[in-house]
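For the sequence shown, the UniProt record's numbering begins at 1 and goes up steadily by one. The beta-carbon is built from N, C-alpha and C at its ideal position, and this holds for glycine as well. Worksheet for the structure shown next.
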Amino acid sequence: MIASLTGRLAFKAPTHLTLDVQGVGYDVLIPLSTYYGLPDLNATLALNIHTHVREDAILLFGFSSRQEKETFLLLTTVSGVGPKTALGILSALPVSDLVSAIHAGDVEKLETIPGIGKKSAGRLVLELKDKLGKLHPGPAAPAVGLGSQHDRDAEDALSALTNLGYRLQDAKEALKRVRQERPAPLSLQELIRHSLKELARG
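As structure tokens, then:
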């Protein structure tokens with residue numbers, strides 16, 4: 001079972017990346033929290049890995065920190081929460097916000113996560129509240145600068161939102177409202193965060 005990988009970052013997108021380890025390319029699924037902190041292409045990258053074995057596939061889930069991986073594994077212990085749902089939860093909420101919401105029993109906040117309804121949010125609180133000691137929130141990953149990548153970041157934000165389960169048209173409208181209300185250049189992280197807030201408002 002693969003627990004970690006170190007190699008050259010050959011490709012990156014908001015939901016997955018390719019890590020070249022001595023000529024072998026590994027396709028790794030990642031949350032947005034990991035994507036925000038990725039280096040430039042061709043840089044050396046070390047990831048914490050969870051290997052998920054199914055009858056029809058072997059999936060690799062990658063995380064920039066041990067904290068993210070531990071949170072992911074803890075989420076998958078909740079009934080009805082599989083690996084991809086856990087990844088979506090980490091993409092929608094930073095670990096610190098997730099811990100705060102569960103500790104406070106903030107079901108409404110958890111319901112803003114795509115794919116998490118009222119019952120699922122209640123299960124997260126019920127089943128994880130006593131396990132919060134295993135989670136150790138740390139500083140947020142740095143935002144990715146915009147610079148000349150303004151349009152590319154907008155496209156990446158749109159891709160991230162649709163991969164989180166939002167309809168394409170709804171995601172486009174949310175991004176449009178964010179860019180109208182905040183004309184100053186925003187980082188990719190800020191674009192996604194503000195768009196998620198717009199989508200949560202309906």
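Could you give the first and the last residue of the continuous alpha helix (DSSP H) run that contains residue i?
i: THR34; result: 32-35
i: ARG66; result: 66-75
i: LYS176; result: 168-181
i: LYS118; result: 118-128
i: THR85; result: 83-92
i: ILE102; result: 95-104
i: GLU55; result: Run containing GLU55: none; DSSP gives neither H nor E here.
i: LEU196; result: 188-201
i: VAL78; result: Careful: VAL78 lies outside any alpha helix (DSSP H) and carries neither H nor E.
i: LEU38; result: Per DSSP, LEU38 belongs to no alpha helix (DSSP H) and is neither H nor E.
i: LEU110; result: 107-111
Going by DSSP, name the residue or residues bridged to residue i.
i: ARG8; result: ASP20, THR44
i: HIS50; result: PHE61
i: VAL28; result: LEU17, LEU60
Can you name the start and end residues of the beta strand (DSSP E) that residue i belongs to?
i: GLY62; result: 58-63
Hey, would you say residue i sits closer than 8 Å to residue j, going by beta carbons?
i: LEU9; j: VAL28; result: no
i: ILE102; j: LEU75; result: no
i: ILE49; j: SER4; result: yes
i: LEU124; j: LEU110; result: yes
i: VAL107; j: THR71; result: no
i: ALA200; j: THR77; result: no
i: ASP156; j: LEU188; result: yes
i: TYR35; j: LYS69; result: no
i: ALA154; j: LEU161; result: no
i: LEU45; j: ILE2; result: no
i: ILE30; j: GLY62; result: yes
i: PRO83; j: LEU164; result: no
i: SER33; j: SER120; result: no
i: GLY25; j: THR18; result: yes
i: LEU168; j: LEU191; result: no
i: residue 222; j: GLY37; result: Because the chain spans 1 through 202 in this model, residue 222 falls outside it and cannot be assessed.
Consider the Cβ of residue i: report whether some Cβ of chain B lies at a distance smaller than 8 Å.
i: GLY80; result: The structure shown contains no chain B; it holds only a single protein chain.
Check your understanding: Pairing CB atoms from the stretch 39-46 with CB atoms from the stretch 178-197, are three or more of them under 8 Å?
Key -> no
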